[in-house]
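K.L.:
My structure is below; once you've seen it, I'll send some questions.
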Amino acid sequence: MKKLCFMIFVLILFPVVLANSGSMKLMAVTNPDDNPRGSVANMFLEIEEGTGRIFIDSYPLSKLDTQISTRFAKEVACNYLEKDCSRYDFFYTIRSDSSLIGGPSAGAATTVLTMSVLENIPLDDKATMTGTINTGGIIGPVGSIVEKTRAAAKSGIKKVLIPKFTDINSTNLTRLEEELGIEIIEVSHISEAAEEFTGKKFSNNNEVNLSNSYVEVMKSISDDMCSRAKELYEAYEKNNRTSQLIELGDKAINLSQHYSAASYCYGALLRIRQEKLKQENLDKKKLQDLIENTLKRAQEFENSTNNKELKTLTDLETFMAVSERIAESKERLIDSLYELSQNNTVSSINHLAYATERLNSARSWSVFFGTQGREFKLDKEALDESCLKKVSEVEERVQYLDLYFPEGTKEARGSIQKAYGLYNKENPELCLYTASIAKAKIDLILNSISIDPDFTEEVIEDRLRIVKSLIAKQTERGIFPIVAYSYYEYADSLKETDQYSALLYLEYALELGNLDIYFEKKQIKLPKIKQEYLPVFASGMLVGILLTMVLKRKKTKK
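Set out below in C-alpha cells:
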C-alpha cells in the first residue's frame, strides 16, 4: 500500500503538458509618421509542448521590433505567473489589413493574451488595449490613441484599455467615450489589464520583508559613512551643500532609509576628499604616486571580484554594483593621470577624489556577496544570452523613440555600443547592467514625452507602488533584488526634492529588480506528459504496481 501511495505521489509530480489556445483583437495604426489611421488586427496564440521557442506568423509582414516585443511580452507573462515556459512553444499569429505591422504598442495586449492562455482563462472578446509592456509589468505610453480607439469602436469593441497618465485629459476621454459609445479605462500595470479582460483578480502583495542581515549591513555602512563625513567636515570643509548632504543623511538614518543615507553621505565625502587633497598641497610626484597606488588597488580588487562565484541574483546584482564602481574608478584614475601630465592639478585631484570614493563604495557593496537566496543558472552561456536579449530590447526602444524624439537616442546608441564592447570583452554581467540602465533611461524619456507633467506626483506614487509590489513578489520567491530595493528606497527619499531623479531611480529599480526573467532556476526537470496520454500512463503505472505486488506475494508463499 505504501508503494502504491508513493507511485501516485510521483505521478502527481509529473508536469502535464499544456495545449491551449486563445485570441484577441489588437489596436494598430498605419502611417504612424504622417496622417495616422487606426485599424484593428487579430492575434492568435497556441501554446504546445516544446522547448521555450517562439514562432510568429504575421500577414502582412511584421517589423523586427514586433518580434522583440512579442518575445519580451511572453517573458513578462511567464514571470508574472511564475510559469516554467521553457517546456512550451508559443505560436503567435497576427492578421491585419495594415500594410505593415510594427512597433511595440501591442506588447501589453500580447502579455495579457499570453497570460490568459497559460491560465486557460477566456478573455472578454469585446475588449482590446494598446500600450507597450515594460519591465516589471508596467504598461507604457503609445501614440495615436484616439485614432486607434475610433477604429476599435468601429469594429464592435466596447471596452478599450489605454496606458494611464497619457497626455489626453479626462474631459477629452469622457467625450470620446460618449461619442463612440464605449468604455475607456486607464491602466498602469499588467495585473490591472488582465483583471479587466478576464474578471480574475491578480493580487499584488505590497509588503517587503527585508532580511535582518541586509538591514544590519546597510545600517553599518551608512552609519560609518555618515560618521566619517561629519568628522572630516569639521576638519577640512565647511560648505553649505556638504552640510545639507550630511543633514539629509541623518534624516534618512532616522527614517531607516540606510541606502539613501549612504548615498547622501557619499556625496558629502566626495566633496570633503576633494578639499582635503587640495589642502595637502602634494607635489606632482607624490600626487602621481597616490594615483598609481590607487589604480593598483583598484586592479587588485577587480581581479578578486572577477573570481567570485555567482549563485544567486543577489550575487549577480552585487557583482554589477561592485564592477561598475571599480570600472568608473579606474576610468577616473586614468583621467587623473592625464590631467596631471597636462599640469591641470585641480582637475587631476577632482578625478582622484571621485575615483577613491567610488572604490570605497565598491568595497562597501562587496559585503553582500554570498547572500542566501534562490539559486539560478548563472554560467557564461546564460549570462551571454541575457546580455544580448537586453541589448535587443534597448535597440527596439531606440527604434520606437526615434519616431518621436530622434535627438534622445544618441546616448542610448552609445550605450548599445558600450554593451556590445563589454560582451566582446567577455564581460556579460556589465553588458547586462549597461543595457538595463540604458533601457531605463529610454523608458523615462518615452514616459516624459507622453505623460502630462501635471501628473508627475501621481506617476511617482504609482511607480513606487508597482516597484514595491515587484520587490515584495521577488522576496517571496526567495530572490532579494538588492540594488533594485536600494534604488527604490532612494527614489522614495527624492520624490519631494528631485522628481526627475526619483523617476529615473524607479526605472533603474524596475530593470534591475526583474532580472530573473533572463535566467533559468536551478531545479530538477521531470519528463513531460501530454494530457491525452496521462490516463494511459497512469493505467500502465498502476498495472505495473499490481503485477509487482502479485508476484511478490507468490514468491512469499513459496
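Heads up: the sequence shown at position 97 corresponds to 480 in this note's numbering, and the numbers run straight through without jumps.
In this text, a Cβ means the ideal position worked out from N, Cα and C, and glycines have one as well.
(1) Which value, in whole angstroms, describes the spacing of the CA atoms of V500 and T515?
(2) Tell me which residues share the same chain as P811 and place their Cβ nearer than 8 Å to its Cβ, disregarding the 5 neighbours each side in the sequence.
(3) Whose C-alpha, out of D607, S819 and S422, is nearest the C-alpha of D633?
(4) If we count the other Cβ atoms within 10 Å of its Cβ and call it buried at 16 or more, is R558 buried or exposed?
(5) Suppose contacts are defined by Cβ-Cβ distances below 9 Å. Is A534 in contact with G421 by that definition?
(6) Cβ atoms of S605 and A644: under 9 Å apart, would you say?
(7) Does the segment 726-741 come within contact of the segment 662-681, defined as at least 3 CB pairs closer than 8 Å?
(8) Residue range of the beta strand (DSSP E) that K542 falls in?
(9) Within 10 angstroms of its Cβ, does L887 collect 16 or more other Cβ (buried), or is it exposed?
(10) Using a Cβ-Cβ cutoff of less than 7 Å, which residues in the same chain neighbour N403 once the five nearest sequence positions on both sides are dropped?
(11) Just to confirm my understanding: we take L877, look at its own chain, exclude 5 residues before and 5 after, and list those with CB closer than 6 Å. What are they?
(12) Buried or exposed: where does G519 fall if 16 or more other Cβ atoms within 10 Å of its Cβ makes it buried?
(13) Specify whether the segment 854-874 and the segment 690-703 touch according to this definition: at least 3 beta carbon pairs, one from each stretch, less than 8 Å apart.
(14) Could you spell out where the alpha helix (DSSP H) holding S731 opens and where it closes?
(15) Could you tell me if L638 is buried or exposed, where buried requires 16 or more neighbouring beta carbons within 10 angstroms of its beta carbon?
(16) Thinking D440 and T413 are a contact (beta carbons under 8 Å), I'd like their distance in whole angstroms, please.
(17) Determine which residues share a DSSP beta bridge with I568 and list them.
(18) Which residues bound the beta strand (DSSP E) around V412?
(19) How big is the Cα-Cα spacing for I551 and R846?
(20) If I'm right that R436 touches D467 with Cβ under 8 Å, what's the distance once you round it to whole angstroms?
(21) Under 6 Å Cβ to Cβ from A612, same chain only, skipping five residues before and after it: list those, please.
(22) Where does F438 sit, in a helix, a strand or coil, going by DSSP?
(23) Between the beta-carbon of L742 and the beta-carbon of T677, is there less than 9 Å?
(24) Going by the CB atoms, is the gap between I573 and V543 shorter than 9 Å?
(25) Where Y642 and E740 are concerned, what is the direct C-alpha to C-alpha distance, given to the nearest angstrom?
(26) Residues in its own chain within less than 6 Å of T494 by CB, not counting five upstream and five downstream?
(27) How is V525 classed by DSSP in three states: helix, strand or coil?
(28) In terms of alpha-carbon separation, which member of F838, E465, S712 and N727 lies closest to A736?
(29) Can you tell me where the alpha helix (DSSP H) with T625 in it begins and where it stops?
(30) Specify, as a first and last residue, the run of the beta strand (DSSP E) that F751 falls within.
(31) Taking three-plus beta-carbon pairs below 8 Å as touching, is the segment 668-687 in contact with the segment 702-719?
(32) Leaving out five residues on either side along the sequence, give the residues of the same chain with a beta carbon under 8 Å from the beta carbon of P505.
(33) In the DSSP output, which residue or residues are listed as bridge partners for R478?
(34) In three-state DSSP terms, what is D762?
P.N.:
Let's see:
(1) 20 Å
(2) Non-local beta-carbon contacts of P811 in its own chain, meaning distances under 8 Å to residues more than five positions away in sequence, involve K763, L766, D767, S769, C770 and L805 in chain order.
(3) D607
(4) exposed
(5) Here A534 is near G421, since their CB atoms are less than 9 Å apart.
(6) yes
(7) yes
(8) K542 to P546
(9) Buried: at least 16 other Cβ atoms inside 10 Å.
(10) I430, V500 and N503
(11) Within the same chain, L877 has close Cβ partners S884 and A885.
(12) buried
(13) Segment contact: the segment 854-874 against the segment 690-703, three or more CB-CB distances shorter than 8 Å; contact assigned.
(14) That run of the alpha helix (DSSP H) goes T728 to W748.
(15) exposed
(16) In fact, because the Cβ distance is near 20 Å, the residues do not count as touching under 8 Å.
(17) L544
(18) N403 to T413
(19) 20 Å
(20) That belief does not hold up - the Cβ atoms of R436 and D467 are roughly 14 Å apart, past 8 Å.
(21) I629, C648, A651 and L652.
(22) Assignment of F438 by DSSP, reduced to helix, strand and coil, places it in the strand class.
(23) yes
(24) Contact check for V543 against I573 fails: the beta carbons are separated by 9 Å or more.
(25) 16 Å
(26) In the same chain as T494, and ignoring 5 residues on each side of it, the C-beta atoms closer than 6 Å to its own belong to A456, V459, A460, I516 and I573, in chain order.
(27) In the structure shown, V525 sits in coil (DSSP, three-state: anything other than H, G, I, E or B).
(28) S712
(29) N623 to N637
(30) That residue, F751, is in no beta strand (DSSP E); it is neither H nor E in DSSP.
(31) Contact between the segment 668-687 and the segment 702-719 is established, with three or more Cβ pairs separated by less than 8 Å.
(32) G405, S499 and T581
(33) Under DSSP, R478 forms a beta bridge with N425 and Y442.
(34) coil
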